[in-house]
Every structure is written in structure tokens, then in C-alpha cells.
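K.L.:
Protein chains: 2
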Amino acid sequence: MIKIGFYQFCPTFGEVRANLHKIAEALEKIEAEILVLPELCTTGYLFTSPDEVSELSEPIPGPTTHFLEKITRRKNLWLVLGMAERDEISKRCYNSAVLIGPDGLKAVYRKPHLFLEEKLYFTPGNTPFRVYDLGIAKIGMLVCYDHFFPEAARALALQGAQIICHPSNLVLPGRGQQLTHVRAIENRIFWVLANRYGTEEREGKKLTYTGASQIVAPNGELLAQAEPDGESVQIVKISSAQADDKRVTAMNDLFQDRRPELYNIA
Amino acid sequence: MIKIGFYQFCPTFGEVRANLHKIAEALEKIEAEILVLPELCTTGYLFTSPDEVSELSEPIPGPTTHFLEKITRRKNLWLVLGMAERDEISKRCYNSAVLIGPDGLKAVYRKPHLFLEEKLYFTPGNTPFRVYDLGIAKIGMLVCYDHFFPEAARALALQGAQIICHPSNLVLPGRGQQLTHVRAIENRIFWVLANRYGTEEREGKKLTYTGASQIVAPNGELLAQAEPDGESVQIVKISSAQADDKRVTAMNDLFQDRRPELYNIA
């Protein structure tokens with residue numbers, strides 16, 4: 204059994220140092236092996252210009268990952284979080300998720316499906332969907348709007364992902380929770396949705412995030428759910444191998460029952 | 204605007220003639236352009252031997268489709284229903300759906316994903332997922348457990364299906380309704396789930412079907428829902444072209460936002 208969970212919180216826009224401090228404080232009190240934080244949780248979400256994105260983004264590895272590595276090494280923790288990445292060669296910015304563990308930075312995933320004005324500020328990610336074997340579990344990462352595309356979770360599940368870690372800043376009330384619940388069921392995997400809460404208002408724009416972070420089991424059981432508003436840490440004990448059993452009935456294995464020769468959906 | 208709907212009922216096992224009579228009686232009172240009936244709705248579902256399946260199955264075209272064609276021609280109706288099909292050359296049986304319209308039999312779809320003991324009695328279908336342009340709407344057919352596989356609905360939606368007609372005999376409480384709701388949302392299509400209700404008990408086996416047939420709009424709105432138990436006819440007016448607009452926001456078209464080059468899920 205391993206302990207996995209999420210930390211739902213409300214970052215302050217543009218205050219990377221303060222947000223990291225907040226995360227560090229929370230992590231000190233959390234006992235978990237795998238913890239997921241929201242999307243863009245060191246910068247906030249509601250950017251208003253490309254210059255602002257470029258200024259607040261960071262290389263990976265960079266100051267933020269170096270800072271967090273110290274904690275994950277000491278606490279023997281796997282941490283997945285969303286952050287704004289700047290590629291120092293191309294100068295492109297990505298809405299990325301990073302996986303940082305007991306040995307430091309392990310992986311970067313660049314969100315390929317961009318939502319609303321992210322399209323003005325970020326380059327669509329082109330990192331392949333990849334599964335990371337942490338020893339204690341095989342995990343995949345998706346970021347927010349990626350969940351709308353069943354192919355994304357499927358690509359990870361078919362590669363053996365047992366847990367999908369899903370940093371998010373969801374804004375359509377209930378929709379993301381509903382979709383990720385079904386993603387867990389149709390792939391028979393664990394799903395950790397770490398959503399932020401709160402409202403951001405900047406230069407006449409306003410977004411309210413839906414909170415309600417959740418952990419779903421492969422059979423669809425809702426193992427944990429936060430309120431729509433407010434900070435929340437929830438940790439559950441799971442056996443990650445439960446996700447390797449794809450049977451929905453004694454005679455139906457969801458992966459063996461697939462008929463890929465008929466789908467033709469590329 | 205066109206009128207589409209479902210007829211949720213409880214067939215009597217093995218009584219094809221009586222079930223057809225019941226369907227015919229109901230159709231006389233229904234005003235609709237497209238109507239969906241449950242899976243295996245002329246025979247019942249809970250077969251107990253291959254011989255029984257073979258005996259109750261029929262060729263398509265055959266007596267059942269001939270009988271129903273007379274009604275659909277006269278009423279200018281498109282009818283989708285599930286029925287047991289026997290191929291007269293191979294002697295194989297299929298859990299099929301048929302599309303019968305104002306000009307007679309239009310198409311047969313053989314369910315490719317078989318559930319539970321269907322695997323003992325039916326051959327898995329190998330008809331490609333195909334969309335039929337009825338003039339008033341472009342439709343695709345899926346049968347029951349097919350809904351568990353996001354690839355199936357996706358294959359139809361990518362070919363332009365505006366409405367998925369889904370004859371079912373669902374048995375997992377709430378699950379089919381939840382999954383098909385999300386299938387409509389993630390593809391921005393209409394979905395008509397025609398589920399049967401009632402309990403079948405045969406030779407020590409027992410199944411209870413979950414009813415709660417539903418019609419979902421591309422934006423996820425539940426346009427109609429039946430009770431879990433009891434007969435129900437529900438007809439709604441829709442504009443099928445609404446399903447051609449795949450935008451979830453002003454900047455997000457669900458189909459243009461797809462990144463098939465990254466999925467690799469065949």
C-alpha cells in the first residue's frame with residue numbers, strides 16, 4: 204500500500220517565491236509517497252501578455268525544481284506539479300508538469316492541448332505521453348484540458364500507467380470532475396485530480412476555479428474529494444497493482460476486449 | 204428541427220412475435236423521425252445455450268426487418284433496434300443493430316465488444332464503424348457495452364456522426380448512463396441511449412436491466428431521461444447540425460484541438 208494524494212490550494216498570481224514558500228510549508232506536514240499539486244501553481248494562471256509569461260516562466264531544471272528537489276529528497280516524496288516552463292534555446296514557453304522525486308527531477312511533460320488564452324501565451328507541447336515507473340507505482344501525467352481527450356489517458360493506460368496525476372485549473376463547473384471520473388473507469392486506473400480553487404481578476408479578466416479535487420479508484424469509487432472552495436490536503440492508501448486488473452466482469456477485460464483494428468481514429 | 208427519441212420497454216424472452224406486436228402497437232402512437240429501441244429487443248437477452256440463440260436469431264433481411272419495414276415506410280420513420288442476427292451461410296450469430304427507414308432496411312451493425320455470456324453465444328462483430336446520412340441527420344450505431352470504449356464513439360464522431368443511436372441492455376447501475384453522458388460531451392454529439400428495463404430469470408440466472416434511457420445534447424444537457432423501471436417513450440426536438448460545432452469555448456474546437464500524432468493508441 205502506498206499513500207497518494209493532492210494539495211488543493213490557491214496560488215497568488217505572479218508571486219513565485221511566496222507560492223513556493225506556501226508549498227514548502229504544506230509539504231512539511233504531509234505524509235505521502237506521491238503528491239499532486241495544481242496546474243501553473245507557482246505562477247498563477249491568468250496571464251495577460253506574452254511578456255508576462257516569459258518573465259514568470261523558468262527553465263527546467265531551474266530555480267523552482269532545485270528548490271523542490273531539496274524537499275522531495277529529504278521527504279522521500281514523488282511530487283507532480285504544474286509550472287510555466289521557458290525553453291532557454293527556443294525562448295518558447297510551455298504549460299508543463301514536472302515529476303520530482305527522491306533522486307531529484309525525473310521528467311517534464313508539456314501540455315499538448317491548450318485551453319482558451321493559453322493558446323496566445325504557450326507553445327503546444329510535443330512531449331510523447333510517457334509512463335514513469337517509480338518502483339512503488341507506474342504513473343503518467345496530464346494537465347487540465349488534456350482530460351477532455353480520451354486518447355490522452357488511453358495512451359498512458361495502454362503503456363501501463365496505474366495512476367494518472369493531473370494538475371489542473373478547471374473552470375467549467377463539475378465538468379472536469381465528471382470527465383476524469385469516467386477516464387478512471389474506462390481505463391481502470393487511479394486518477395488524482397489536483398485542482399486549484401479561488402478567483403483571479405486581472406486587467407478586466409476574471410476566472411473562478413472549481414476546486415473539488417478528487418481521487419478515483421479503477422472501479423470508479425471516489426476515494427477522496429475536496430470542497431469546491433478552500434485549501435485541502437487529502438491522502439489515501441492504495442495498492443497501485445489494483446490498476447493492472449482490467450476486468451469489469453469475470454469475462455470482460457477492458458483492454459483485451461478492445462478492437463483496435465476497427466477504430467481507425469488517428 | 205427533427206424529432207428523435209427512444210422507446211424503453213421490457214420484451215418477453217423468446218416471444219419474438221409478441222414483442223414485435225408490442226413494438227408495432229407503440230410505434231402507431233409515436234410521432235418521431237428517428238426512434239431507438241433497446242438491444243436484442245425482439246428476443247430478450249438472457250440466452251442459456253447456443254442452440255437457443257441460433258433458433259431465435261434471424262437473417263437480416265428477414266421476417267423481423269420485413270415486418271418493421273412496412274411500418275417505417277408508412278410512418279416515414281427511421282428506426283434503430285437491436286436484434287439477434289443469424290448469418291445463413293456461416294451459421295454464425297451476431298448481436299446486431301439494424302437501421303430501417305422510409306425506404307426499408309438501410310444498414311446492419313454487428314456489435315464488436317461482447318459482454319459476459321454473449322461471448323459464448325455470439326461472434327464478435329467486424330462491421331466497421333460507419334456513419335449513415337439520413338438526409339435529416341448523420342447517425343452512427345453502437346450497442347450496449349460498446350459505450351465503454353471511447354474509441355468506438357470517437358470513430359463515429361470523427362466520420363461526422365451527429366447522433367449516436369445506442370440500443371442497450373445495461374446492467375451496471377448508473378454506469379452506462381454516466382459513460383454515455385461523457386461520450387456525448389467529449390465528442391459534442393447527440394446520444395440516444397435506449398435501454399430496456401425489467402428482470403429476466405432463466406435456469407437459475409438472473410439479470411436486472413437499469414432502464415433510465417436518456418437523450419444527451421452535444422453540450423452535455425440531459426434532454427430526456429426515463430425512470431429506471433417502466434415503459435417510457437420520450438421524444439425531443441433537436442437541430443442535428445448543432446453537433447457539427449465542436450467548440451467548447453470560443454478558442455477551443457474539440458476536434459481541431461486533438462493531437463493524433465501524439466496518441467499512438469492503435
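Chain order of the listed sequences is A and B.
Counting from 1 along the first sequence, just add 203 to a position and that's the residue number in this note's numbering.
Counting from 1 along the second sequence, just add 203 to a position and that's the residue number in this note's numbering.
Just so it is clear, CB atoms sit at the ideal spot from N, CA and C, and this is done for glycine as well.
Got a sec: is the Cβ-Cβ distance from residue 422 (chain A) to anything in chain B below 8 Å?
P.N.:
So no, residue 422 (chain A) is outside the interface.
K.L.:
Per the DSSP calculation, residue 393 (chain A) is bridged to which residue(s)?
P.N.:
DSSP, once it has assigned bridges, lists A:366 as partnering residue 393 (chain A).
K.L.:
Is it the case that the Cβ atoms of residue 206 (chain B) and residue 235 (chain B) are separated by a distance below 8 Å?
P.N.:
Contact: yes.
K.L.:
Counting contacts by CB-CB distance shorter than 8 Å, is residue 298 (chain A) in contact with chain B?
P.N.:
No, no contact with chain B.
K.L.:
How big is the Cα-Cα spacing for residue 358 (chain A) and residue 332 (chain A)?
P.N.:
Taking the straight line from one Cα to the other gives about 7 Å.
K.L.:
Which full runs of the alpha helix (DSSP H) of 4+ residues lie inside the segment 214 to 243 of chain B, going along the chain?
P.N.:
Those alpha helix (DSSP H) runs which fall completely within the segment 214 to 243 of chain B and span 4+ residues are 219 to 232.
K.L.:
How many angstroms separate the CA atom of residue 455 (chain A) from the CA atom of residue 417 (chain B)?
P.N.:
If you take the alpha carbons of residue 455 (chain A) and residue 417 (chain B), they lie about 25 Å apart.
K.L.:
Does DSSP put residue 267 (chain B) in a helix, in a strand, or in coil?
P.N.:
Helix.
K.L.:
Note down, in chain order, each residue of its chain lying with its Cβ closer than 6 Å to the Cβ of residue 230 (chain A), except the 5 sequence neighbours on either side.
P.N.:
Same-chain partners within the cutoff: 274.
K.L.:
Buried or exposed: where does residue 204 (chain B) fall if 16 or more other Cβ atoms within 10 Å of its Cβ makes it buried?
P.N.:
Classification of residue 204 (chain B): exposed, given that the 10 Å Cβ count is below 16.
K.L.:
For chain B, check one thing: does any of its Cβ atoms lie closer than 8 Å to the Cβ of residue 261 (chain A)?
P.N.:
No, residue 261 (chain A) does not count as interfacial toward chain B.
K.L.:
How big is the Cα-Cα spacing for residue 363 (chain B) and residue 287 (chain A)?
P.N.:
Computed Cα separation, rounded: 36 Å.
K.L.:
Find the residues of chain B that neighbour residue 316 (chain A), judging by a C-beta separation of less than 7 Å, and give them in chain order.
P.N.:
Near residue 316 (chain A) (Cβ distances below 7 Å), the residues of chain B are 460, 462.
K.L.:
Name the chain B residues whose beta carbon is nearer than 8 Å to that of residue 411 (chain A)?
P.N.:
Neighbours of residue 411 (chain A) on chain B: none; closest Cβ ~15 Å, over 8 Å.
K.L.:
Since residue 352 (chain A) meets chain B, which of its residues come closer than 7 Å, beta carbon to beta carbon?
P.N.:
Within chain B, the residues near residue 352 (chain A) are 461.
K.L.:
Identify which residue in B:320, B:438, B:218 has its Cα closest to the Cα of residue 453 (chain A).
P.N.:
For the residues B:320, B:438, B:218, the minimum Cα distance to residue 453 (chain A) belongs to B:320.
K.L.:
Output the boundary residues of the beta strand (DSSP E) element that contains residue 357 (chain A).
P.N.:
No beta strand (DSSP E) holds residue 357 (chain A); the alpha helix (DSSP H) holding it covers 353 to 361.
K.L.:
Beta-carbon within less than 8 Å of residue 342 (chain B)'s beta-carbon, same chain only, minus the 5 sequence neighbours each way: which residues are those?
P.N.:
Correct list, in chain order: 237, 281, 283, 302, 334, 335, 364, 365, 366, 367, 368.
K.L.:
What's the gap between the Cα of residue 300 (chain A) and the Cα of residue 398 (chain A)?
P.N.:
Spanning the two alpha carbons is a distance of roughly 13 Å.
K.L.:
Nearest chain A C-beta to residue 382 (chain B) closer than 8 Å, yes or no?
P.N.:
Residue 382 (chain B) counts as touching chain A.
K.L.:
Quick check on DSSP: helix, strand or coil for residue 273 (chain B)?
P.N.:
Three-state result, residue 273 (chain B): helix.
K.L.:
Can you give me the C-alpha to C-alpha distance between residue 240 (chain A) and residue 370 (chain A), rounded to a whole angstrom?
P.N.:
About 6 Å.
K.L.:
Taking 8 Å as the cut-off, does the segment 381 to 392 of chain A touch the segment 416 to 435 of chain A (at least 3 CB pairs, one atom from each stretch)?
P.N.:
Contact between the segment 416 to 435 of chain A and the segment 381 to 392 of chain A is present, because at least three Cβ pairs lie under 8 Å.
K.L.:
Between residue 213 (chain A) and residue 400 (chain A), which are expected to be in contact by the criterion C-beta below 8 Å, what is the C-beta distance as a whole number of angstroms?
P.N.:
Contact flag correct, Cβ pair sits at about 5 Å.
K.L.:
Tell me, which residues are paired with residue 413 (chain B) by DSSP?
P.N.:
Answer by DSSP bridge pairing, in chain order: B:400.
K.L.:
I need the boundaries of the alpha helix (DSSP H) containing residue 322 (chain A), first residue and last residue.
P.N.:
321 to 324 is the span of the alpha helix (DSSP H), which, as asked, contains residue 322 (chain A).
K.L.:
For a cutoff of 8 Å on Cβ pairs, would you count residue 466 (chain A) as touching chain C?
P.N.:
Considering every chain present, this structure includes no chain C. Its protein chains are A and B.
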